[in-house]
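These notes are about the structure you will find just below.
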Amino acid sequence: MTTAGRTSMHAGNAEKVELEPPDITAYRAGNIGIPYVTTFDSGRPGPHAAIVALMHGNEISGALALDHLLRSDIRPAIGALSLVFANVAAFEAFDPENPNASRYIDEDMNRLWATDAKNGRSNVERARVRALRPLFENVDLLLDLHSMQSDSPSLLLAGPSDKGRDFSNSLSSPAVIVCDSGHPNGTRLRDFGAFNVPGQPHKSVLAECGQHWRSATTTMAIDTAYRFLLTLGMTSRAEAADYLLRDNTPEHWIEVTGSFVPQTDDAQFTDSFVGMEVIADRGTIFARDGAKNIHTPYDNCVLIMPSRRLAAGQTAVRLGRRHKFGGRADG
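Reminder that position 322 of the sequence shown reads as 322 in this note's numbering, one-by-one numbering, no gaps.
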């Protein structure tokens, strides 16, 4: 099964688009003065929650999930609920014949949420972030719907804090819970503001619902949206039941301890990794970067979201250590 070469993973069907992008033009006006943002207020006490799709313009499963909620006339039983289509400009450029091209227009929007980034240079993504910031500054609970390059199992990225992990666990999702500190080249929305601040009630989770364009990824995105609303008391079990996958009580969560960032453009994995593989022995070679072998740093090392396109200076894979809930690390 060992392969050589960056493009061998899922060759032939990796770019197949099974999903039909939804028509979201009906939501352009929104209802709070921000295009493509719709907020429903129950008139009852409760948190302000937000579900976000299209942080990246080619991750269309989240847009299908929000379109489903809007067409289903979902309304929060308590508090307020905002449904946000984020990078609409990139989504409008989506081409199923070249589906990777519309991740963003000028800059990755999910690296632009630092608390000190209100000003500075402008482009398509930065202008949209400036428009959305006032909304997210008043959001208590966030679900950010994403998808992945590979056919990895679905993930809930819970951030570095205990409250993020506990909140993700409360969803009883079949997705794997991964705790990480984000990316060194910019702040994600799920790490914005008070979401990672201990002692604050704000919580967030980034859901990687599956491979970008598989039909099952939309099913997972819709399931995750309903679990989020159900956990918050914003919808009922009866309303959500038809869209929920089997509940899961996870035994493990995964701590991201580091990553492999190639230094050359001819870096290669040693096998066709898709994600969540557990490499049993410390010191196992899992990649080569030019003449350098890359080894696992500990036993039972988990490979998280391996890239299908390895390039110098860009994260190729994150490395994780498994922990039992209420227990010790496996590795």
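Glycine included, every Cβ here is placed at the ideal spot set by N, Cα and C.
With 16 other Cβ atoms within 10 Å as the buried cut-off, status of residue i
i: F325; result: exposed
i: K163; result: buried
i: D23; result: exposed
i: F125; result: Residue identity check: residue 125 is Glu in the sequence provided, not Phe. Buried: at least 16 other Cβ atoms inside 10 Å.
i: D95; result: exposed
i: Q211; result: buried
i: Q268; result: buried
i: N123; result: exposed
i: I177; result: buried
i: P306; result: buried
i: R44; result: exposed
i: P184; result: exposed
i: K203; result: buried
i: D289; result: buried
i: A158; result: buried
i: A241; result: exposed
Alpha-carbon to alpha-carbon, residue j and residue i
i: I304; j: N58; result: 21 Å
i: T231; j: T224; result: 10 Å
i: R103; j: G62; result: 13 Å
i: P262; j: I78; result: 48 Å
i: T115; j: S147; result: 25 Å
i: L171; j: N31; result: 29 Å
i: P76; j: N138; result: 17 Å
i: D266; j: I294; result: 13 Å
i: L155; j: H56; result: 17 Å
i: T315; j: A29; result: 37 Å
i: D166; j: A291; result: 42 Å
i: N169; j: G313; result: 33 Å
i: N300; j: R309; result: 25 Å
i: E107; j: G186; result: 11 Å
i: D41; j: E239; result: 18 Å
i: A311; j: S236; result: 46 Å
i: R282; j: H323; result: 17 Å
i: N346; j: S215; result: Summary: the structure shown does not reach residue 346, with the chain confined to residues 1 through 331, and so no result is reported for it.
i: I60; j: L70; result: 15 Å
i: H68; j: A287; result: 41 Å
i: C209; j: Y226; result: 13 Å
i: I74; j: Y243; result: 13 Å
i: N196; j: E97; result: 38 Å
i: S181; j: W253; result: 14 Å
i: Y36; j: M220; result: 23 Å
i: V129; j: V317; result: 27 Å
i: A175; j: A93; result: 30 Å
i: V302; j: R121; result: 38 Å
Pair within 8 Å by beta-carbon distance, residue i and residue j
i: F136; j: G193; result: yes
i: E251; j: R321; result: no
i: L64; j: T218; result: yes
i: L332; j: A207; result: Past the edges of the chain, shown from 1 to 331, lies residue 332, and the structure says nothing about it.
i: L143; j: I279; result: no
i: C179; j: P201; result: no
i: S150; j: G275; result: yes
i: L83; j: T25; result: no
i: E18; j: W213; result: yes
i: N87; j: L66; result: no
i: M234; j: A49; result: yes
i: G258; j: P297; result: yes
i: I105; j: A89; result: yes
i: N248; j: S152; result: no
8 Å contact criterion, which residue i and residue j should meet: CB distance rounded
i: P47; j: L141; result: 5 Å
i: D27; j: F91; result: Per the sequence presented here, residue 27 reads as Tyr, with Asp not at that position. Going by Cβ atoms, the distance from Y27 to F91 rounds to 12 Å, so no, they are not a contact pair.
i: I34; j: A131; result: 6 Å
i: R188; j: V205; result: With a Cβ gap of about 11 Å, R188 and V205 do not count as contacting.
i: L319; j: F260; result: 7 Å
i: I285; j: T270; result: 6 Å
i: E15; j: P99; result: 6 Å
Q. In chain order, which alpha helix (DSSP H) runs of at least 4 residues are fully inside the region 140-198?
A. 162-170
**Q.** Any alpha helix (DSSP H) of 4 or more consecutive residues that is wholly inside the region 57-115
**A.** 60-71, 88-92
Q. Whole beta strand (DSSP E) runs in the region 236-321 with 3 or more residues, listed along the chain?
A. Qualifying beta strand (DSSP E) stretches, in chain order: 252-260, 285-289, 292-295, 301-304.
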